[in-house]
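Participant:
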Amino acid sequence: MPDLIPIKKSHIKYYNNFPLYYISKNGEALLYKNADKKLDKDLLERNQYPQFFIHKEDKVSVVEKLQRVLNIKLARAISSKGLYAIKKSLCNIVEEALSGPLGVTLESLPETIEILFYGVKKNSDLLDALTAINNKSSKVVEHSVNVLALTAQYCFFKRYSEEQIKTFCLCALLHDFGSSKIDKKIIETKEKLTDKEYSIYKTHTIKGFREIELYPTFDKSIGITALEHHERLDGSGYPHGIKQISFEAQLVGLIDSYEALKYQDKTFRKALKPYDALQIIKTDVVAEKYNKAIFVDLCSCLIK
Ligand SMILES: [Fe+2]
Ligand SMILES: [Fe+2]
């Protein structure tokens, strides 16, 4: 299925002016409708259409409008609705961003962070509460939103400037961006990865960096965090085994490990309680894999 991208069912209405495809029982991509035929409003409302796919180039023209709508929904959720609505909106935005194509999607993320920023100013417990909600989105989406919320919590605790907080948040949100370039089976599996799968998985760092680097409007630290968040200060990390790691990647890398231990309920390992997750990371701090000062600040921030 070259160049066809799946469309989220709840977003079908934004694609009414484009040719839509579906997959036949034989696994063939077939045209469902061309550009001038419109989808039936009733069927749309009742969610009775099959899984549609769209051409990559067509999606580019819709993404800008879609991201704007999603950002407006997030702003509304923050001003008037509950935490579930906020988490759902955020997950929707991140899901769109990670499903590519990149260009416009990435351009709209700073606005998302801006909206979230003012939400936190209104309600300082917002981030804490957001990480506690499981939205049942895909693993990468849920994980990226949780790492974003924890990073933002850390930054507010450290009283970083607004500009710094926004950059750190984008580093967190996009740290696993390269995962969208890797076989979904490897990313979404609940089983332990084989050695071969793990070596493929590790390339998400380089793939994310290369992709983000194509967008010069983004702060350099965002691509570098995608590249270095699995590096460790003792040189035991990947992809390059370096010891000089950017501060952003050290912070996001530590929060990334904490989030994975605490929130992901994989079949081969149960999710840990915050204290137990921090104990495991502490062993790696003592082994000089992580930055001790960041760890101490994260502990203080989480138990404040
Ligand atoms: Fe990662
Ligand atoms: Fe991650």
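Residue numbers (the working numbering): 18 to 321. Think of the CB as a built atom: it goes at the ideal place given N, C-alpha and C, for glycine as much as any other residue.
Would you decide whether Y101 is buried or exposed? Buried here means 16 or more other CB atoms lie within 10 Å of its CB.
Facilitator: Exposed: under 16 other Cβ atoms inside 10 Å.
Participant: Quick one: using the 10 Å Cβ neighbour count with 16 as the cut-off for buried, is T300 buried or exposed?
Facilitator: Exposed is the call here.
Participant: Within 10 Å of its beta-carbon, does F35 have 16 or more other beta-carbons around it, so buried, or fewer, so exposed?
Facilitator: With 16 or more other Cβ atoms within 10 Å, it is buried.
Participant: Consider the C-beta atom of D273 and the heavy atoms of ligand 1; say whether any pair is separated by less than 7 Å.
Facilitator: Yes; taking the cut-off as 7 Å, the Cβ of D273 has a heavy atom of ligand 1 nearer than that.
Participant: Suppose contacts are defined by Cβ-Cβ distances below 8 Å. Is Y49 in contact with L60 by that definition?
Facilitator: Result no, Cβ atoms of Y49 and L60 do not sit closer than 8 Å.
Participant: Cβ of E265 within 8 Å of Cβ of I241?
Facilitator: For E265 and I241, yes; Cβs fall inside 8 Å.
Participant: Within 7 Å: the Cβ of V164 and any heavy atom of ligand 2?
Facilitator: Yes, since a heavy atom of ligand 2 falls inside the 7 Å radius drawn around the Cβ of V164.
Participant: Rounded to a whole number of angstroms, what is the C-alpha to C-alpha distance between V158 and L83?
Facilitator: For V158 and L83, the distance between alpha carbons rounds to 17 Å.
Participant: So within the region 41 to 95, which uninterrupted alpha helix (DSSP H) runs reach at least 4 residues, ignoring any that extend past its ends?
Facilitator: Here the runs fully enclosed are 58 to 62.
Participant: Verify the contact flag: D57, CB atom, against every heavy atom of ligand 2, threshold strictly below 7 Å.
Facilitator: Because no heavy atom of ligand 2 lies under 7 Å away, the Cβ of D57 does not count as near it: no.
Participant: Looking at D301 and ligand 2, is the gap between the Cβ and the nearest heavy atom below 7 Å?
Facilitator: No, Cβ of D301 sits at least 7 Å from all heavy atoms of ligand 2.
Participant: Would the C-beta of H257 count as close to ligand 1, meaning under 7 Å from any of its heavy atoms?
Facilitator: Because no heavy atom of ligand 1 lies under 7 Å away, the Cβ of H257 does not count as near it: no.
Participant: For the alpha helix (DSSP H) holding L21, just list the boundary residues, first then last.
Facilitator: That residue, L21, is in no alpha helix (DSSP H); its beta strand (DSSP E) goes 21 to 23.
Participant: Exposed or buried, which one is H192 when buried takes at least 16 other CB atoms within 10 Å?
Facilitator: Burial call: buried.
Participant: So does D193 have its beta carbon nearer than 7 Å to some heavy atom of ligand 1?
Facilitator: At least one heavy atom of ligand 1 is nearer than 7 Å to the Cβ of D193, so yes.
Participant: If I'm right that Y171 touches D57 with Cβ under 8 Å, what's the distance once you round it to whole angstroms?
Facilitator: At roughly 48 Å, the Cβ-Cβ gap does not stay under 8 Å, so Y171 and D57 are not in contact.
Participant: Report back the beta-carbon spacing between S197 and L115 to the nearest angstrom; my notes put them in contact at under 8 Å.
Facilitator: Contact flag correct, Cβ pair sits at about 5 Å.
Participant: Are D236 and T184 closer than 8 Å when you measure CB to CB?
Facilitator: It is a contact, given that the beta carbons lie within the stated cut-off.
Participant: Under DSSP, the alpha helix (DSSP H) around Y275 begins and ends at which residues?
Facilitator: Note, Y275: alpha helix (DSSP H), 264 to 280.
Participant: By Cβ distance, which residues of its chain are closer than 8 Å to I217, with the 5 residues on each side in sequence left out?
Facilitator: Excluding sequence neighbours, I217 sits near I199, D200, I203.
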